[in-house]
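S.K.: Per my numbering, the very first residue in the sequence shown carries number 1; after that it's consecutive.
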Amino acid sequence: MSLATHPSRAFLPYPDAPVPNATDGPLRGLTFAVKDLFDVSGYPTGGGNPHVLARSGIKTITAPTVQKLLDAGAAFVGKVHTDELAFSMNGQNHHYGGPYNGAAPDRITGGSSSGSASAVSNKLCDFALGTDTGGSVRAPASHCGLFGIRPSHGRISLTHCMPLCETLDTCGFFARDIATFARVADVLLGADANPLPSRPRLLLAADLFELPTPEARKALAPAAARIEAVLGKASPIDVADRPLSDLYWAFRYVQGWEAWRADGALIENYGLQLGPDVAGRFAFSKGVTAAQFEKSSAVRREFTAHLGRLLGQDGILLLPTMPDIAPLRTTPMEALEDYRTTAAHTLCLTPLTGFPQLSLPLSGRDGSPLGVSLIGPMGSDRSLIAVAETLMTAIA
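#1: Between glycine 29 and proline 44, how many whole angstroms is the CB-CB distance? I'm expecting something under 8 Å.
#2: Report yes if the C-beta distance between cysteine 144 and leucine 158 is below 8 Å; otherwise report no.
#3: Over the uninterrupted beta strand (DSSP E) stretch that includes glycine 130, give me the two end residues.
#4: Would you kindly work out how many angstroms separate the C-alpha atoms of valine 174 and phenylalanine 38, rounded to a whole number?
#5: Which complete beta strand (DSSP E) runs does the region 108-184 hold, if anything under 3 residues is left out?
#6: So what does DSSP say about asparagine 93, is it helix, strand or coil?
#7: Is the region 246-260 touching the region 339-355 in the sense that three or more CB pairs, one from each, lie closer than 8 Å?
#8: In or out: methionine 397 buried (at least 16 other Cβ within 10 Å) or exposed?
#9: Report the rounded CA-to-CA distance for glycine 135 versus glutamine 255, giving the unit in angstroms.
#10: Just list the residues that DSSP pairs proline 13 with in beta bridges.
#11: Using a 10 Å radius around the Cβ and a threshold of 16 neighbouring Cβ atoms, would you call leucine 328 buried or exposed?
#12: Could you tell me which residues DSSP pairs with lysine 79 in its beta bridges?
#13: Using DSSP with H/G/I as helix, E/B as strand and the rest coil, what is proline 236?
#14: Can you tell me where the alpha helix (DSSP H) with isoleucine 7 in it begins and where it stops?
#15: Work out the CA separation of serine 373 and alanine 388 for me, nearest whole Å.
#16: What alpha helix (DSSP H) runs, 4 residues minimum, are completely inside the region 251-336?
#17: Do arginine 176 and proline 99 have their C-beta atoms within less than 8 Å of each other?
#18: Could you work out which residue in Pro50, Gly25, Phe76, Thr23 is closest to glycine 42 when comparing CA atoms only?
#19: Buried or exposed for arginine 199, please, with buried defined as at least 16 other CB atoms from any protein chain shown within 10 angstroms of its CB.
#20: When you compare only the Cα positions, how much space is there between alanine 141 and isoleucine 375?
#21: Using a 10 Å radius around the Cβ and a threshold of 16 neighbouring Cβ atoms, would you call lysine 35 buried or exposed?
#22: Can you list, in chain order, the residues of its chain whose CB lies under 8 Å from that of valine 120, leaving out five sequence neighbours each side?
#23: Determine the contact status of methionine 392 and isoleucine 178, defining contact as a CB-CB distance below 8 Å.
#24: Using the Cβ count rule (16 or more neighbours within 10 Å means buried), how would you classify isoleucine 61?
#25: Could you check what DSSP says for proline 369 in three-state terms: helix, strand or coil?
#26: When the distance is taken between beta carbons, is alanine 259 closer than 8 Å to serine 285?
#27: Please go through the same chain and pick out, in chain order, the residues whose beta-carbon is closer than 6 Å to the beta-carbon of leucine 70, but skip the five residues on each side of it.
#28: Among the candidates Gly287, Leu231, Ala4, whose CA atom is the shortest distance from the CA of tyrosine 96?
#29: On the criterion of 16 or more Cβ atoms from any shown chain inside 10 Å, does asparagine 122 qualify as buried, or is it exposed?
#30: I need the straight-line Cα distance from valine 66 to proline 18, nearest angstrom please.
#31: Check whether the region 104-116 touches the region 299-314, counting contact only when three or more Cβ pairs, one atom from each stretch, lie closer than 8 Å.
#32: What's the call for asparagine 49, buried or exposed, on a 16-neighbour Cβ count within 10 Å?
#33: With distances taken Cα to Cα, identify the nearest neighbour of glycine 354 among Thr31, Lys79, His153, Phe11.
#34: Helix, strand or coil, according to DSSP, for arginine 201 in the structure here?
#35: Quick check: what's the CA-CA separation for glycine 115 versus lysine 79?
#36: Give me the Cα-Cα distance between arginine 138 and glycine 148, rounded to the nearest whole angstrom.
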């Protein structure tokens, strides 16, 4: 059975083209998949939309981030689905359907890096590249029981990757185990400019732990206790310097302003047919005013400074990745949108600040995974993963 016909529906049915990789290197023996936003020579880039796919043509250049993995010895096994134009968090695509969650097949993967999380959780590859603008790596990582990172903004190249929001987009990745995750991190992240100390100061986001459902809070408590047992007692703090809804709307306005500038001309010039959920988001985006963007950018700067003061150079913040386990695949669209809105109140914090956030598969309920996250100071990505390595070794 080819990966394209696997029942997970993670992979795209593109004709196989040879993608050479080094015969040796730190990632030798590992296989990986690539979200269909990144260019890979010999393949089209469809971005989750049939019209974009039809206009793509076959690419002749491979995105530098993909090439870096190939040069390190990893073997490319295919391109995987994305939510349409990466502007969704539900893992569903109006045109192509949704991949299956390997950890909870009756529940959504989350998105927009849906195929990436599906491929890894179904054990079809060792790791996968995704992107995270507003939660598109962190949400699927939580839903599918994976390690997933949204790195510091700009840390990993997005050259030859379809954009959505210039100042919010990041390239992240997934793996099932921390050892593989760390190997990939060594290649893509390198050494930190601002490493954490060997014994970082642990903070617990008390206000953000109020957002999950009661059932999720009950499930998250033992995970937080396990982390504290290894890293030391956490100091509870309120993270938000204003109502969380203000931060959420600041994110929405910045995201909308930038998304329309990335894709608005494409949508209007070609009459792009979009799924109803994505069409609604772009309709909102089109209406964002310069005044709303400027006011939201000011809120963003203020909150970034505030969170920077809380973390300093030695602090890490413990928080829930998502408000609950993944919704069922049969959940109505309206309910999925409500869930997305609730989740975005927590997920928006690192897009606003640019700080790295790592989701760890340390919790769950009713047989489905639920992630917890660590946020570190800007530029502390690799040492944040080193903290996770210490943690996972201790609790294994």
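All C-beta atoms, glycine included, are put in the ideal place defined by N, C-alpha and C. Nothing here was measured: the structure is a model prediction, and the numbers come from that model.
M.R.: According to the structure shown:
#1: Position 29 of the sequence shown holds residue 29. Position 44 of the sequence shown holds residue 44. 28 Å between Cβ atoms; not a contact.
#2: To locate residue 144, count along the sequence shown from 1; it is residue 144. To locate residue 158, count along the sequence shown from 1; it is residue 158. Cβ atoms of cysteine 144 and leucine 158: not closer than 8 Å.
#3: Within the sequence shown, the letter at position 130 stands for residue 130. Element bounds for glycine 130: 127-132.
#4: If you number the sequence shown from 1, residue 174 lands on position 174. If you number the sequence shown from 1, residue 38 lands on position 38. The sequence given here has phenylalanine at residue 174, not valine. So the two alpha carbons sit approximately 15 Å from each other.
#5: 127-132, 147-150, 170-175
#6: Taking the first residue of the sequence shown as 1, we reach residue 93 at position 93. It is a strand residue.
#7: yes
#8: The requested residue 397 is not part of the displayed model; the chain covers only 1 to 396.
#9: Translated into the one-based positions of the sequence shown, residue 135 becomes position 135. Translated into the one-based positions of the sequence shown, residue 255 becomes position 255. Roughly 12 Å between the two C-alpha positions.
#10: Counting from one through the sequence shown, the residue named residue 13 turns up at place 13. Its beta-bridge partners do not exist; DSSP assigns none.
#11: Looking up residue 328 in the sequence shown gives position 328. Flag for leucine 328 reads exposed.
#12: Here the question's residue 79 lines up with position 79 in the sequence shown. Answer is Val34, bridged to lysine 79.
#13: Here the question's residue 236 lines up with position 236 in the sequence shown. Three-state DSSP puts proline 236 in a strand.
#14: As a first step, residue 7 is located in the sequence shown; it is residue number 7 there, counting from the start. It is worth fixing the name first, because residue 7 is proline in this sequence and not isoleucine. Unbroken run through proline 7: none, as it is neither H nor E.
#15: Taking the first residue of the sequence shown as position 1, residue 388 is located at position 388. Taking the first residue of the sequence shown as position 1, residue 373 is located at position 373. Using only the alpha carbons, I get a separation of about 10 Å.
#16: 276-286, 290-311
#17: Residue 176 sits at position 176 when you count from the first residue of the sequence shown. Residue 99 sits at position 99 when you count from the first residue of the sequence shown. Not in contact: arginine 176 and proline 99 (Cβ atoms no closer than 8 Å).
#18: Here the question's residue 42 lines up with position 42 in the sequence shown. Residue Phe76 is the option with its Cα nearest to glycine 42.
#19: Taking the sequence shown and counting its residues from 1, one reaches residue 199 at position 199. That one is exposed.
#20: Along the sequence shown, one-based indexing puts residue 141 at 141. Along the sequence shown, one-based indexing puts residue 375 at 375. Looking at the two C-alpha atoms, the distance is approximately 15 Å.
#21: Reading the sequence shown from its first residue, position 35 is the one you call residue 35. With 16 or more other Cβ atoms within 10 Å, it is buried.
#22: Residue 120 sits at position 120 when you count from the first residue of the sequence shown. If we look at valine 120 and ignore the five residues flanking it on each side, its Cβ neighbours are Ala33, Gly102, Asp126, Phe127, Ala128, Cys144, Leu146, Phe174, Ala175, Arg176.
#23: Taking the first residue of the sequence shown as position 1, residue 392 is located at position 392. Taking the first residue of the sequence shown as position 1, residue 178 is located at position 178. Closer than 8 Å, so yes.
#24: Against the sequence shown, residue 61 aligns to sequence position 61. So isoleucine 61 counts as exposed.
#25: Within the sequence shown, the letter at position 369 stands for residue 369. Proline 369: strand per DSSP, three-state reduction.
#26: To locate residue 285, count along the sequence shown from 1; it is residue 285. To locate residue 259, count along the sequence shown from 1; it is residue 259. Yes, the Cβ-Cβ distance between serine 285 and alanine 259 is below 8 Å.
#27: Translated into the one-based positions of the sequence shown, residue 70 becomes position 70. Excluding positions up to five away in sequence, the list reads Asn21.
#28: Translated into positions along the sequence shown, residue 96 becomes position 96. Among Gly287, Leu231, Ala4, the Cα nearest to that of tyrosine 96 belongs to Ala4.
#29: As a working note, residue 122 is residue 122 in the sequence shown. That one is buried.
#30: By 1-based counting over the sequence shown, the position of residue 66 is 66. By 1-based counting over the sequence shown, the position of residue 18 is 18. When rounded, the distance between both Cα atoms is 14 Å.
#31: no
#32: In the sequence shown, the residue the question calls residue 49 occupies position 49. The residue is buried, with at least 16 neighbouring Cβ atoms inside 10 Å.
#33: Taking the sequence shown and counting its residues from 1, one reaches residue 354 at position 354. For glycine 354, the nearest C-alpha among the options comes from His153.
#34: Locating residue 201 in the sequence shown gives position 201, where the first residue counts as 1. Correct three-state label for arginine 201: strand.
#35: Position 115 of the sequence shown holds residue 115. Position 79 of the sequence shown holds residue 79. One C-alpha to the other measures close to 8 Å.
#36: Position 138 of the sequence shown holds residue 138. Position 148 of the sequence shown holds residue 148. If I take the Cα positions, the gap works out to 6 Å.
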